[in-house]
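Residue numbers (our numbering), protein chains in the order written: chain A, 7 to 102; chain B, 1285 to 1488.
Ideal Cβ positions, reconstructed from N, Cα and C, are used throughout, including at glycine.
Pasting the structure below:
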């Protein structure tokens, strides 16, 4: 069981949270959408990182304050390396 | 002539009034009961806007709790923090229509929302020396006095129901706000767990 620190509520049990998706996926602008190829669009829409290591992802405190936030999590150890608010860029972390 | 509408509480079918009459509240380790029909009004707005805070204060007399998971009380009004831009105003049942109207008037021109959610929840009250032990059987929060006390609230899970837990005094006493549709389930859970303790039922 993971203990996840909600930026508002502090450390809470994993079952209060729901995983959203990979963080920092930039939606193409309208101009880009008009000129990009199908392959590029498919890449944006479907292709996700699947790292063995640090993964940046979005979680929501579903049973608590219902706010979204970013989590840097190690996919092997499940260590929550960093929790940071929405809108912040991915932190630079030392390789583990 | 139409019959008068009578409100039924979510736990009415358990016959709590009759059970309370036979209960020994004085000798109990935990006392549980239902506090039905409270007025609950959900408000949303910007807590960094002084006008929003002033508007809440003008209607309820409460200084808006901006610290996460805290409550504030003034007279009959209790304000509970739900999120960075979301609160509940809780007060005596039957006053919700006036409260909604007053809040809407106070928020006029602001980016704010007022919604009456009184009918969605019922409140199970639990009080007594063993109340924390009972809650610990189904809740992952640390409710030890060093971590949780009066003036704090938390939205969390209690067994399989989503609840809002509000500690009202140091006895300790807790108000548990739960969706009415989960009221039956949660009451039966308390009934089951409560049998391990000396427990009594309090009339509303």
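| Query | Result |
| --- | --- |
| Could you check what DSSP says for residue 1324(B) in three-state terms: helix, strand or coil? | strand |
| To test your reading of the DSSP string, which unbroken alpha helix (DSSP H) runs of 4 or more residues are found completely within the region 1379-1464 of chain B? | 1380-1390, 1415-1420 |
| Just tell me which of 1442(B), 1443(B), 1389(B) has its CA closest to the CA of residue 1342(B). | 1389(B) |
| Does any residue of chain B have a CB that is nearer than 7 Å to the CB of residue 30(A)? | no |
| Checking 7 Å against the spacing of the C-beta atoms, do residue 1314(B) and residue 1415(B) come in under that value? | yes |
| List the residues of chain A that residue 1429(B) touches, going by C-beta distances under 8 Å, in chain order. | Ordered by position in chain A, no residue passes the 8 Å Cβ test against residue 1429(B), which lies about 17 Å from the chain. |
| Report the CB separation of residue 1485(B) from residue 1303(B) in whole angstroms; it is logged as a contact under 8 Å. | 5 Å |
| Would you list, in chain order, the members of the region 1418-1451 of chain B that have their beta-carbon closer than 8 Å to a beta-carbon of chain A? | 1424, 1425, 1438, 1439, 1440, 1441, 1446 |
| Contact criterion: CB-CB distance below 7 Å. Does residue 64(A) meet it with respect to chain B? | no |
| Given this structure, state the Cα-to-Cα distance separating residue 1289(B) from residue 1320(B), to the nearest angstrom. | 16 Å |
| The alpha helix (DSSP H) spanning residue 1357(B) covers which residue range? | Premise fails: residue 1357(B) lies in the beta strand (DSSP E), 1355-1358, not in any alpha helix (DSSP H). |
| Where does the unbroken alpha helix (DSSP H) through residue 50(A) begin, and where does it stop? | 44-52 |
| Under 8 Å: do the region 1365-1378 of chain B and the region 1424-1435 of chain B share three or more Cβ pairs, one atom per stretch? | no |
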